[in-house]
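Number of protein chains: 2
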Amino acid sequence: MRKKVTLKQIAKELDVSISTVSKSLRDSHEISEDTRLKVQAFAKLYNYKPNNIALSLKNKKTKTIGIIIPEIVHHFFATVISGIEQVANENGYNVIVCLSDESFDKEVINLEMLANGSTDGFIMSLSKETQQKRDFHHIQEVINQGMPVVLFDRVTNDVFCDKVIIDDKQAAFDAVHFLIEQGFKKIALITTVDYVSVGKLRTDGYKKALKSNNISVDEELIIKIEDIENCAVKIENLIKEQNCDAIFAVNELFAVTAIKIAAKNNLKVPDDISVIGFTDGIISQFSTPSISTVSQNGIKMGRKAAQMLIDRLELEDEEDEHYKTEIIETNLIVRESTTTK
Amino acid sequence: MRKKVTLKQIAKELDVSISTVSKSLRDSHEISEDTRLKVQAFAKLYNYKPNNIALSLKNKKTKTIGIIIPEIVHHFFATVISGIEQVANENGYNVIVCLSDESFDKEVINLEMLANGSTDGFIMSLSKETQQKRDFHHIQEVINQGMPVVLFDRVTNDVFCDKVIIDDKQAAFDAVHFLIEQGFKKIALITTVDYVSVGKLRTDGYKKALKSNNISVDEELIIKIEDIENCAVKIENLIKEQNCDAIFAVNELFAVTAIKIAAKNNLKVPDDISVIGFTDGIISQFSTPSISTVSQNGIKMGRKAAQMLIDRLELEDEEDEHYKTEIIETNLIVRESTTTK
Numbered sequence: 001m002r003k004k005v006t007l008k009q010i011a012k013e014l015d016v017s018i019s020t021v022s023k024s025l026r027d028s029h030e031i032s033e034d035t036r037l038k039v040q041a042f043a044k045l046y047n048y049k050p051n052n053i054a055l056s057l058k059n060k061k062t063k064t065i066g067i068i069i070p071e072i073v074h075h076f077f078a079t080v081i082s083g084i085e086q087v088a089n090e091n092g093y094n095v096i097v098c099l100s101d102e103s104f105d106k107e108v109i110n111l112e113m114l115a116n117g118s119t120d121g122f123i124m125s126l127s128k129e130t131q132q133k134r135d136f137h138h139i140q141e142v143i144n145q146g147m148p149v150v151l152f153d154r155v156t157n158d159v160f161c162d163k164v165i166i167d168d169k170q171a172a173f174d175a176v177h178f179l180i181e182q183g184f185k186k187i188a189l190i191t192t193v194d195y196v197s198v199g200k201l202r203t204d205g206y207k208k209a210l211k212s213n214n215i216s217v218d219e220e221l222i223i224k225i226e227d228i229e230n231c232a233v234k235i236e237n238l239i240k241e242q243n244c245d246a247i248f249a250v251n252e253l254f255a256v257t258a259i260k261i262a263a264k265n266n267l268k269v270p271d272d273i274s275v276i277g278f279t280d281g282i283i284s285q286f287s288t289p290s291i292s293t294v295s296q297n298g299i300k301m302g303r304k305a306a307q308m309l310i311d312r313l314e315l316e317d318e319e320d321e322h323y324k325t326e327i328i329e330t331n332l333i334v335r336e337s338t339t340t341k
Numbered sequence: 001m002r003k004k005v006t007l008k009q010i011a012k013e014l015d016v017s018i019s020t021v022s023k024s025l026r027d028s029h030e031i032s033e034d035t036r037l038k039v040q041a042f043a044k045l046y047n048y049k050p051n052n053i054a055l056s057l058k059n060k061k062t063k064t065i066g067i068i069i070p071e072i073v074h075h076f077f078a079t080v081i082s083g084i085e086q087v088a089n090e091n092g093y094n095v096i097v098c099l100s101d102e103s104f105d106k107e108v109i110n111l112e113m114l115a116n117g118s119t120d121g122f123i124m125s126l127s128k129e130t131q132q133k134r135d136f137h138h139i140q141e142v143i144n145q146g147m148p149v150v151l152f153d154r155v156t157n158d159v160f161c162d163k164v165i166i167d168d169k170q171a172a173f174d175a176v177h178f179l180i181e182q183g184f185k186k187i188a189l190i191t192t193v194d195y196v197s198v199g200k201l202r203t204d205g206y207k208k209a210l211k212s213n214n215i216s217v218d219e220e221l222i223i224k225i226e227d228i229e230n231c232a233v234k235i236e237n238l239i240k241e242q243n244c245d246a247i248f249a250v251n252e253l254f255a256v257t258a259i260k261i262a263a264k265n266n267l268k269v270p271d272d273i274s275v276i277g278f279t280d281g282i283i284s285q286f287s288t289p290s291i292s293t294v295s296q297n298g299i300k301m302g303r304k305a306a307q308m309l310i311d312r313l314e315l316e317d318e319e320d321e322h323y324k325t326e327i328i329e330t331n332l333i334v335r336e337s338t339t340t341k
């Protein structure tokens, strides 16, 4: 029996990207006619079954929810999965998890695989690379096929679907405003590169809090990390050269790394420098000092996303296109890593 | 169209366990004839499709590996998944993850769902409840259907299949022997209840290390935790009442909790009490003091499990029943939580 050919194999064979193969098979005019015809011919020859066999399965409910997330080592994503599992179980649904490893291609491949009759709908958080490319055709495709998608945390305005987010800008504003209220004036920011949507929003919230308290934004106090592996040097330079009195970090790994590096440079947290993180994970809870942080309520976010997806799956009128964006409340948890000035 | 009925729904409808439904459908004589006939009639009425449609799909490769693990919040399981993903990607396989949440029923349901044509084989670590019940018929069933299974970490001798483990007893022996070499004599053990296979083996290793150094085992120094939520009181009693000079904890949550409670009772780690954990997760790396620990090499374990599964999937002679158990080497990482006496 001939093995089933996949998008990935076609892409490799013809030396084009997976996105090009996918678009060619949908006859997208973004792709040159030459390439489109070549891909289509190849797919036909090898009996490629596109996703739209899902269409014919539309009425065959699998009672399964597919989750696609960037990575699993993040405690935040693990708590969201727990929340999704809770509501799924309460409603008799199973859950399948796939990882994109922050890769656009893996996100496309996983979505293709699960859309092929394994799940009724999806809950997703976008990979870094997808956000960078701004290519969301794979998500649009499954929605067009009648499979609902709920995006959470890392979302995009370019896809019309239900979304669950926190107000990242407001949450960052609250954290920085809290530091200002405690008397700090030289507050540094450790954030991500701008194309990571939540990093950008948290950076905006930091700036807004400074401005609304008449503190000017000093770009020297802002460092943008692309890759956690190489963040130590940048953070050490910041701490040594800028003499800041507080740090706001947009995730808990940045926060705990800042605390470690401060200690290495004989600065005590919180006596010499206060630190607030983002994400109430096990690091924030168990490190010494325990870390003051913005809690994203991952469980609540997961529960809400699952409820929105199941509501849409079980909706009588399937044509309701009034998509909602739910905002989950955050709260600041004050622990040992902050003090007053 | 009538919805597909699941094992779970049949179990609920007839008020019997999922295991009973599954065994009845295989006509197992463990189940009374009355119940068997009732279940079979019900399944027929509702057009239940058992797993063995997987049999007819046997030659249709999905190029997908199913992973079923107890939980995802454990950093160790996350690293094993990373290792599996690496080898899977290198060999053109996708990976699907399902969680048992330590529940036997969820393990059975997930296995049933994925065996229904979604995956070619499985990599699993058993749920606590499965280990407690010692009921492995669901795993035996998919193996009988020709789908290979590789068990890792939490395994059982009752199923013949490939396995990847560490030598938990030896690793625990090494950790405790190290403490004895540093001059400690009153070494406490924080472990799990005995039915968790790895907890039991690590307890055995602890006892063996004491005995081989002519230190008698004092049961007062051993506490067995069933549930992480309620471990604090037991650990606090141990620290306050037993005056131990070192602690060996069989996972990193127990280790970091012991360090926190020691601090609360004005005991400094490592000056007043040394602590060694198990699992080199983010807590061990990032807590202050950083925690000396046994590294399980989760990535290596995942890579090996994936390689064994893929080898078996791509084996020419499908009837090879020489199952192997691979042992992954552990190593002791000495950090700040231990000193010499």
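Keeping their order, the protein sequence lines are chains G and B. Residues in the first sequence are numbered from 1 upward in steps of one, following the UniProt record's numbering. Residues in the second sequence are numbered from 1 upward in steps of one, following the UniProt record's numbering. All C-beta atoms in this analysis are idealised placements derived from N, C-alpha and C, irrespective of residue type, glycine included.
Just the Cα atoms here: how many angstroms apart are residue i and residue j?
i: Thr79(G); j: Leu37(G); result: 45 Å
i: Ser17(B); j: Ser28(B); result: 14 Å
i: Ile239(G); j: Lys207(G); result: 19 Å
i: Val196(B); j: Glu129(B); result: 9 Å
i: Lys300(G); j: Gln170(B); result: 42 Å
i: Leu57(B); j: Val193(B); result: Caution applies to Leu57(B), whose pLDDT of 42 falls short of 50 and renders its modelled position unreliable; the model cannot decide the point.
i: Val97(G); j: Ile273(B); result: 41 Å
i: Gly83(B); j: Leu210(G); result: 43 Å
i: Ile247(G); j: Asp167(G); result: 20 Å
i: Lys8(G); j: Gln307(B); result: 21 Å
i: Pro289(B); j: Ile333(B); result: 14 Å
i: Ile67(G); j: Val142(G); result: 14 Å
i: residue 344(B); j: Thr340(B); result: For chain B, the structure presents residues 1 to 341; residue 344(B) sits outside this window and is missing.
With H, G and I counted as helix, E and B as strand and the rest as coil, what does DSSP make of residue i?
i: Met113(G); result: helix
i: Lys163(G); result: strand
i: Ile283(B); result: helix
i: Met147(B); result: coil
i: Ser17(B); result: coil
i: Lys324(G); result: coil
i: residue 364(G); result: In the structure displayed, chain G extends from 1 to 341; residue 364(G) sits before or after that span and is not available.
i: Gly302(B); result: helix
i: Asn331(B); result: strand
i: residue 351(B); result: Residue 351(B) is absent from the structure shown; chain B starts at 1 and stops at 341.
i: Cys98(B); result: strand
i: Cys197(B); result: According to the sequence displayed, residue 197(B) carries Ser and not Cys. Note: Ser197(B) maps to helix in three-state DSSP.
i: Ile31(G); result: coil
i: Ser127(B); result: coil
i: Val275(G); result: strand
i: Phe136(B); result: coil
i: Thr339(G); result: coil
For residue i, would you say it is in contact with chain B, using Cβ-to-Cβ distances shorter than 9 Å as the test?
i: Leu99(G); result: yes
i: Asn251(G); result: no
i: Leu338(G); result: Correcting the residue type first, residue 338(G) is Thr in the shown sequence and not Leu. No, its Cβ sits nowhere closer than 9 Å to a Cβ of chain B.
i: Ser292(G); result: no
i: Asn144(G); result: no
i: Ser295(G); result: no
i: Ser56(G); result: Unreliable placement is indicated for Ser56(G), whose pLDDT of 36 sits below 50; the coordinate value is still reported in the next sentence. No, Ser56(G) lies away from the interface with chain B (no Cβ there is under 9 Å from its Cβ).
i: Pro289(G); result: yes
Of all the options the options, which has the alpha carbon lying nearest to the alpha carbon of residue i?
i: Ala172(G); options: Ser292(G), Phe286(G), Phe122(G) and Leu126(G); result: Ser292(G)
i: Lys324(G); options: Gln131(G), Phe76(G) and Val159(G); result: Val159(G)
i: Thr62(B); options: Phe122(B), Phe77(B), Thr330(B) and Thr339(B); result: Phe122(B)
i: Gln296(B); options: Thr288(B), Leu309(B), Gly281(B) and Gln86(B); result: Gly281(B)
i: Met147(G); options: Leu313(G), Ile328(G) and Lys341(G); result: Leu313(G)
i: Thr119(G); options: Glu102(G), Val95(G) and His137(G); result: Val95(G)
Check the Cβ-Cβ distances between residue i and every residue of chain G, and say whether any is below 9 Å.
i: Ile53(B); result: Per-residue confidence for Ile53(B) stands at a pLDDT of 37, beneath the threshold of 50, marking its modelled position as unreliable; no derived number is given.
i: Gly302(B); result: no
i: Asn331(B); result: no
i: Leu114(B); result: yes
i: Asp15(B); result: no
i: Asn265(B); result: no
i: Lys63(B); result: yes
i: Gln131(B); result: no
Quick one: does the C-beta of residue i sit closer than 8 Å to a heavy atom of the ligand ATP?
i: Ile310(B); result: No copy of the ligand ATP appears in this structure; indeed no ligand is present at all.
In chain order, which alpha helix (DSSP H) runs of at least 4 residues are fully inside the segment 59–92 of chain B?
75–90
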